[in-house]
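Heads up: the structure comes next, in structure tokens.
Number of protein chains: 2
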Amino acid sequence: MVDPGRRPTVKDVARAAGVSASTVSNVLHDHPYVTEEKRQRVTDAIERLGYAPSLVSRQLRAGRSQVLALAVPDITSPYFAHLAHVVIDEARRRSLTLFIDETGGGAAQERTIAEGYLSRGVTGVLFCPVELAPAELERLKSDVPTVLLGEYVPGGSFDHIAINSRRSAVEATEHLLSRGRRRPAFAGMRLDRQAGPAYERLRGVREALRATGVDVDADLVFDVADHSREEGARVARELVRRRSDCDALICAADLLAVGALSALREAGVAVPADIALLGWDDAPEVRYTAPPLTSIAHDMTGLAQQAIDAILARQADPTRPAEHLLVGHRLMVRESTGAG
Amino acid sequence: MVDPGRRPTVKDVARAAGVSASTVSNVLHDHPYVTEEKRQRVTDAIERLGYAPSLVSRQLRAGRSQVLALAVPDITSPYFAHLAHVVIDEARRRSLTLFIDETGGGAAQERTIAEGYLSRGVTGVLFCPVELAPAELERLKSDVPTVLLGEYVPGGSFDHIAINSRRSAVEATEHLLSRGRRRPAFAGMRLDRQAGPAYERLRGVREALRATGVDVDADLVFDVADHSREEGARVARELVRRRSDCDALICAADLLAVGALSALREAGVAVPADIALLGWDDAPEVRYTAPPLTSIAHDMTGLAQQAIDAILARQADPTRPAEHLLVGHRLMVRESTGAG
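In the order they appear, the protein sequences are chains A and B.
Numbering follows the UniProt record's numbering, with no gaps: position 313 of the first sequence is 313.
Numbering follows the UniProt record's numbering, with no gaps: position 203 of the second sequence is 203.
Right, here's the structure in full:
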């Protein structure tokens, strides 16, 4: 009998099955030279004792590791923390092991990931690139099933999942127009690259504005270094310094909006009376700012599910065509755009 | 010659060394029946080609996995996201693989972790328990080197690292006293358990207050369900409803303070004029609230380094006495307690 307070070992299984430890090991490793009868006795004993083979054993039995990696720029960003949260949850539900890596948004680290995680035994990667351009991602592409989250690669060969950034921006802008705003500023990163979520959001803003006969003023478009509170504050201070007559600030991420809100308050600019403010991601903190911020929420659970589905489908069939999938979004209207 | 754009395989190594692929595999797995001369040729080829064996191979060669786990209640909490950030960084610096798990603060999930991660091949765990009582943690304790972060186990046998919660609370309270506050409320979780960071912080508040001849009013001590913005808002609404004459609210975590700030604003209570407010963790968002919040910052990098050191030391010597280590903290004074 195995002491209930102790985890059963291979030796316990061998004793219970009446076989040698190396026979148990052979069964665990699916070696062909074990008789069916012994295999059955070992399997029964494993079940009876609740023996849990180690990760290494399971990987060997499966013929490959089922370790997925999630590579995000910075886990301290509320968006990426939320993404990690739902991916951890979804991986656990499917008995996959997940490890989380940070790139720091750096090109070298992103290259390592684009080139594949094989040396670490990872067979599938959920990757959120920010620094590498689509062309370089394509050039570096490895055989490790990799799904890109967020970064748009026109015609690219990666599986890719995101919200419809352009469409969500159309809706956000139409909301601002319905509140009488006519002259929005826009802040986001990598606008010069003409790809990526922020660029798609700017496209959506333009599309909605042009329906009213105007375009976004080029002077009111801010390319930021990252989607941080600091950069949002910098843009807001610049708007105040210029005495810009814009009546709304559309931020491609909530952290930019949080930073902008703080800087506008310090400068005595009222939100939303003087400048309406909104962001993307529906970060938890935006419900608690003064005033609470309007934001576009992503269907994060759907994103995690579809991302893992895409990895597993590509593991099963490496030749399947690249998929570009969309998940839902929802405009959460709050006081910062004059709700109510 | 191996194509520089492709990762070398076992076959490439075999070709370069003039041996069979199975000989390479035998060397990687440290099988004894390889001649020293062949072993040397394979090792040379591995080095020359820059071949990186898979995680599984490396684990087998090392005789055990060097995979550490970080188990936190919820990665979307800024404190735990920051902790994950510094632990990822520190693990990478030491070429350790890290996987991050969430317990959801649930007892069942915490039990799984306390009982050890062996079934997943993890040989060291950095664990932030919130639900399990110290006695149960001791009862479940496994052979997997585990360091507790944050939870205080008096006389416990786990390695344990935290800031000096009691001391930091004395400093925070003395700061409030120096600003003329005399009647603080306190909010934190698991105060009834008489252990854990929040309880230690309450002890520190009491100690500093008693030096002025008074104690904390028992009616102003709030046990909260978790350290969330929602719970902070609830406590603040309760204070307002009671027309409490408290002049400060000391929150055991920044998220409580963020929630309280929002609810006080909605109730027309001015911070800091009516109620001074402070928290712990120095979450990034508290620099951007209106007003910015005073908070106690932890030396997170020191925490990550000491935690991994403790795991490795225990792997090397399982019989070493349990260590209870402290890392530094710093009171970051901002407007919410009347800075300036």
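A virtual CB, placed ideally from N, CA and C, is assigned to each residue, including glycine.
- Taking 8 Å as the Cβ-Cβ cut-off, the segment 97-131 of chain A approaches chain B at Thr-97, Leu-98, Phe-99, Ile-100, Asp-101, Glu-102, Glu-115, Gly-116, Leu-118, Ser-119, Arg-120, Gly-121 and Val-122, given in chain order.
- For B:Ser-262, the neighbours in chain A by C-beta distance under 9 Å run, in chain order, Arg-287, Tyr-288, Thr-289, Ala-290 and Pro-292.
- Excluding sequence positions up to five before and after A:Leu-148, its CB lies within less than 6 Å of the CB of Phe-127, Phe-158 and His-160, all in the same chain and listed in chain order.
- When DSSP reads this structure, B:Leu-325 sits in a beta bridge with B:Ile-161.
- When C-beta atoms of the segment 232-249 of chain A are compared with those of the segment 192-210 of chain A, fewer than three pairs fall below 8 Å, so the two segments do not count as touching.
- Apart from sequence neighbours up to five positions away, the residues of its chain that approach B:Leu-249 with a beta-carbon distance below 6 Å are Ala-185, Ala-260, Ile-275 and Leu-277, ordered along the chain.
- Interface criterion met: the Cβ of B:Ile-75 is under 9 Å from a Cβ in chain A.
- Spatial neighbours of A:Leu-49 in its own chain (CB-CB distance under 7 Å, excluding positions within 5 residues in sequence) are listed in chain order as Val-2, Pro-8, Asp-12, Val-13 and Ala-16.
- The contact set of A:Ala-211 on chain B, defined by CB atoms closer than 9 Å, is empty, because the minimum CB distance reaches about 34 Å.
- Annotated as distal: B:Pro-145 and B:Ala-267, with beta-carbon spacing of 9 Å or more.
- Under the three-state reduction of DSSP output, B:Pro-8 falls in the coil class, being neither helix nor strand.
- By the C-beta criterion, the segment 82-99 of chain A is judged to be in contact with the segment 101-109 of chain B, since at least 3 inter-stretch pairs fall below 8 Å.
- Spatial neighbours of A:Gly-106 in its own chain (CB-CB distance under 8 Å, excluding positions within 5 residues in sequence) are listed in chain order as Glu-131.
- Taking 9 Å as the cut-off, the Cβ atoms of A:Gly-156 and A:Glu-136 do not count as close.
- Not a single CB atom of chain A sits nearer than 9 Å to the CB of B:Gly-268.
- Listed as beta-bridge partners of A:Glu-102 by DSSP are A:Val-72.
- Listed by position along chain A, the residues whose Cβ is nearer than 9 Å to that of B:Arg-229 are Pro-284, Glu-285, Arg-287 and Tyr-288.
- Assigned with DSSP and collapsed to three states, B:Arg-93 falls in helix.
- Ranked by how close their Cα comes to the Cα of B:Asp-89, the residues A:Val-72, A:Cys-251, A:Gln-306 and A:Asp-44 have A:Val-72 in first place.
- Counting only runs of 3 or more residues that sit fully inside the segment 176-259 of chain A, the beta strand (DSSP E) segments are 184-189, 221-224 and 248-251, in chain order.
- Within the segment 300-324 of chain A, not one residue has a Cβ closer than 9 Å to any Cβ of chain B.
- Taking 9 Å as the threshold, the shortest C-beta distance from B:Gly-259 to chain A falls below it.
- Only Ala-81, His-82, Ala-84, His-85 and Ile-88 from the segment 79-96 of chain A bring a Cβ to less than 7 Å from some Cβ of chain B.
- Residues of chain B with a Cβ closer than 8 Å to the Cβ of A:Arg-237 do not exist, since the nearest Cβ in that chain sits about 13 Å away.
- With contacts defined as CB atoms closer than 9 Å, A:Leu-118 and A:Thr-97 fail to qualify as a contacting pair.
- In this structure B:Gly-188 is buried. Its beta-carbon is surrounded by 16 or more other beta-carbon atoms within 10 angstroms.
- For B:Ala-233, at least one C-beta of chain A is nearer than 9 Å to its own C-beta.
- When B:Thr-337, B:Leu-325 and B:Pro-318 are compared, the shortest CA-CA separation from B:Lys-141 is found for B:Pro-318.
- A:Trp-280 places its beta carbon less than 9 Å from that of A:Ala-253.
- Per DSSP, the unbroken beta strand (DSSP E) holding A:Ala-276 starts and ends at 276-280.
- Counting of Cβ neighbours within 10 angstroms places B:Glu-200 among the buried residues, the total reaching 16 or more.
- A Cβ of chain B is located within less than 9 Å of the beta carbon of A:Arg-265.
- B:Leu-264 sits in a helix when the DSSP states are folded into three classes.
- Cβ-Cβ distances below 6 Å link B:Ser-295 to Asp-254, Gly-279, Asp-282, Val-286 and Met-332 in the same chain, with the five nearest sequence neighbours on each side left out; the list follows chain order.
- Judged by DSSP secondary structure, A:Leu-118 falls outside any alpha helix (DSSP H); it is assigned neither H nor E.
- Beta-carbon to beta-carbon, A:Leu-256 and A:Glu-231 are separated by about 6 Å, close enough to satisfy the 8 Å threshold.
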